[in-house]
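Residue 497 in the working numbering sits at position 497 of the sequence shown, and the numbers go up by one each step.
A virtual CB, placed ideally from N, CA and C, is assigned to each residue, including glycine.
Since we're looking at a predicted model, the values are computed, not measured.
Below is one structure, written out as structure tokens; the observations come after it.
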Amino acid sequence: MAHEKFDVGGMSCAACQAHVQKAVEGIDGVSEVAVNLLSASMAVDFDEARVSEDDICRAVDRAGYSASPQCGGSAASQGAGSAAFAGAAMANPTQRLEATANAMRRRLVISVVFLVPLFYIGMGHMFGWPLPEVLADHMHSMTLALTELLLLLPILYENRSYFTNGFKSLAHRAPTMDALIAIGATASVAWSVYAMYLMADQYAMGDPMMAGMTAMDNLYLESAGTILALVTVGKYLETRSKAKTGGALEKLIDLAPKTAHVVDAEGGEREVPAASLAVGDTIRVRPGESLPVDGVVLEGVSSVDESALTGESIPVEKRAGDAVSAATINRTGTFTLRATRVGADTSLAKIVQLVEDANATKAPIARLADKVAGVFVPVVIGVAVVTFAAWLTMTGSASEAITSAVAVLVISCPCALGLATPVAIMVGTGRGAEMGVLFKSAEALETLRGVDIAVLDKTGTITQGKPAVTDVVPAEGVSEKALLKLAATLEANSEHPLAEAIMTRAAELGIVPREAADFAAVPGRGVTAREGANEVAAGNARLMDELGVPVDAEVLASFARDGKTPLMFAKNGNLVGTIAVADQVKSTSAEAISALRALGVGAVMLTGDNRATAEAIGRTVGLSGDSVIADVLPADKERHVRELQGAGHKVAMVGDGINDSPALARADVGLAIGAGADIAKEGADVILMHSDLMDVVRAVELSRAVIRNIKQDLFWALFYNAIGIPLAAGVFYPLLGWQLSPMFGAAAMSLSSVCVVTNALRLRTFRPKASAR
């Protein structure tokens, strides 16, 4: 199976999107299609042995649109240099929308310039506006009609795309919103031209009064011009609004510098395009500059602002050996780095890739809109025909019948239905990227909203994932520093994680270990050595018992209850002291679990640690009883998730290790926490850039906000059409006397799409209720 993306041309509304989708889905060998109206793109999964890219493009062409494969796949995968991937990642759709908006603005300006005098002379006699004598009385009604026609011609020419696209879609038996506009405007112009011929005949018979009456009742040239101009106003505002949807990622992309300072072997420095950088290059970064690549600091110390990638507002100190990422900003000192990832491999490029992929997918909630859009325009045309026939039968007036039918055509708006989902998803995923929450698909975004239980891995998720010294208990007459010095001497040669924790604490206090001789490891117990003339040892209670060293059982029991691992140190058969080491709970874990409960999401801790340690950690973060599952083998984590699903729960799995991958894949939504540069974790549906459980809360809140926004837009889009179409058809006229003119219908249709996009743009200001990091 192949997964390819295509650019699609000619789409203007949700009906277009539905027709393209249906055309490609009808190809034998295509398994999945997702057409995105907002970005004018399409993602297709197909069997390469049975279907080619040309087959897909031809199917789209036959449907009346155009399609072409995107060069090199997504924009984020193009180029080898750090800036090359911005070969318009999210900027491609945005730039396209900007270009469309500029062209639409030109059309709008020309349309308005000619519409103002057209509307004035067309409606002036109704409102008593002063008109030149040559246009004012019935003797000059033909002059009035010809003047209106001449003013309308530039508007028709500038907006000819509505007619070419609309009638083309009718010819393909797949009518779109452009078809509704084209039919409505054509009906108004055609009837007006017919009226002009009728007026000419009346003049020929010497009845200018009747010609004047005909002009008053049957000229709709200003209506046609107003409809086209108002629709163009809406299209312009809609396109301008849509161009803002990719703003979050555009700001990210702009952070990647276009040039970099490369240091050569002789120590010289030269400025080169960032796109030409390669792995292994040495790059110097000065204060205020953005990093062009991912890399490792070689020399120098500085504070780096990583907020663009992680949302963390406090700059992080970097020194030799520390990893740094592209698009972060060097705040203080100068340093050099060795490039380890460039181009499409950088963290920034992967973020853009993930958001691109998420925007190419569809949320399940969009299926209703797709079904409605597929039949919307034919139904509206049918309603317009019935409206025309009904008014003609009831009133006998073709003029009134055309007015009502045209109003039905121009008030109908399938665009709002098609834009509701993709606009909200694009804005929502972009806002998530700013916060360090990356959704791999729109389906994951929607599914996360409904989870009712979160299964949390312990190590690295709830806890730091790295042992640290928690307690130092020296024996009587021994100082804490003396105990740590002995401990560092014994553990200096050990690679055990517990030894690393002790060495870290000693280094923090500036303790330098002494040399130890005859170092020997005792498997499962500890180590022994000789320090000068002293026999020293470090280990567990079993080793101390074997060496005949008395230990404090009460202290050991206390550590065990708290889930801490005690290490005892002895010299010449006497206990020098005990140091407790534990994987410490992250400062925000308890708060995050409490916040999840406030959102109606329960929490379960899943760990391979022993029951005592697991329960101690559970008590610290507010979990107990069945909410703590211990002694779980990595292979069994997936089984526990499956059991929870079998009990009727919708499960989110949160983990950080490879051993969590089966459980992440099994869960309804898998969240990989603390991914850092490794943001393309297999098995996870959502990537959380921080090592902070609070981001799970933020992800749930964002998911709910986006889906709530989509539901609002779909409701109002359906409600608008359900009320607007009957109103335009005159359903309320017999009871309430309500009748809608085509001009008001066009204005309402234009505003409906703008309102949908504007509502989605509110997500750009989304702030999670969970406390700030």
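- Taken in chain order, the whole beta strand (DSSP E) runs of length 3 or more contained in the segment 112 to 175 number zero.
- Per DSSP, alanine 433 lies in no beta strand (DSSP E); the unbroken alpha helix (DSSP H) holding it starts and ends at 415 to 435.
- In terms of Cβ geometry, valine 581 and leucine 664 do not form a close pair [threshold 8 Å].
- With contacts defined as CB atoms closer than 8 Å, aspartate 322 and valine 297 qualify as a contacting pair.
- The beta carbons of valine 697 and alanine 603 sit about 11 Å from each other, so the pair does not count as a contact at 8 Å.
- No Cβ-Cβ contact shorter than 8 Å links valine 406 with alanine 200.
- Glutamine 739: not part of any beta strand (DSSP E); DSSP gives it neither H nor E.
- Annotation for phenylalanine 719: the continuous alpha helix (DSSP H) segment containing it runs 694 to 729.
- Distance from the Cα of glycine 64 is smallest, within the candidate group Ser479, Ser169 and Ile673, for Ser169.
- Taking 8 Å as the cut-off, the beta carbon of leucine 118 is found closer than this to the beta carbon of leucine 151.
- With a beta-carbon spacing of about 18 Å, glycine 428 and leucine 417 fall beyond the 8 Å limit used to define contacts.
- Assigned with DSSP and collapsed to three states, threonine 336 falls in strand.
- Taking every protein chain shown into account, the CB of leucine 490 has 16 or more other CB atoms within 10 angstroms, so this residue is buried.
- The Cβ atoms of leucine 456 and valine 654 lie closer than 8 Å to each other.
- In the structure shown, threonine 282 adopts extended strand secondary structure according to DSSP, grouped into three states.
- With respect to the C-alpha of phenylalanine 569, the residue from Val549, Thr176, Ile723 and Ala538 having the closest C-alpha is Ala538.
- Here alanine 630 carries a coil assignment [DSSP, helix/strand/coil].
- Closest in alpha carbon position to leucine 543, among Pro662, Val285 and Asn574, is Asn574.
- DSSP places leucine 456 in the uninterrupted beta strand (DSSP E) bounded by 453 to 457.
- In the DSSP assignment, aspartate 294 forms a beta bridge with Arg341.
- Contact between leucine 763 and alanine 705 holds: their C-beta atoms lie close to 6 Å from each other, under 8 Å.
- The distance from the Cβ of isoleucine 402 to that of phenylalanine 388 is about 7 Å, consistent with a contact at the 8 Å cut-off.
- Phenylalanine 569 is bridged by DSSP to Ala538 and Gly577.
- Remark: C-beta atoms of glutamate 222 and glutamate 148 approach each other more closely than 8 Å.
- When Ser39, Ala616 and Arg642 are compared, the shortest CA-CA separation from arginine 561 is found for Ala616.
- Between threonine 259 and valine 272, the gap from beta carbon to beta carbon is short of 8 Å.
- By the Cβ test, the segment 688 to 702 is in contact with the segment 581 to 590, since at least three Cβ pairs between them sit closer than 8 Å.
- Annotated three-state conformation of glycine 300 is coil, per DSSP.
- Beta-bridge partners of threonine 463 (DSSP): Val585.
- Assignment of threonine 470 by DSSP, reduced to helix, strand and coil, places it in the strand class.
- Put simply, of Pro523, Ile183, Leu153 and Pro154 the residue whose alpha carbon is nearest the alpha carbon of threonine 164 is Ile183.
- Rounded to the nearest angstrom, the Cβ distance from alanine 746 to valine 231 is 6 Å, consistent with a contact under 8 Å.
- Linking leucine 277 to arginine 270 through their CA atoms gives a straight-line distance of about 12 Å.
- Checking the DSSP bridge columns, you'll see lysine 258 has no partner listed.
- Using a Cβ-Cβ distance cut-off of 8 Å, the segment 421 to 435 and the segment 543 to 559 are not in contact, since fewer than three pairs of beta carbons, one from each stretch, lie closer than that value.
- Judged by DSSP secondary structure, arginine 331 falls outside any alpha helix (DSSP H); it is assigned neither H nor E.
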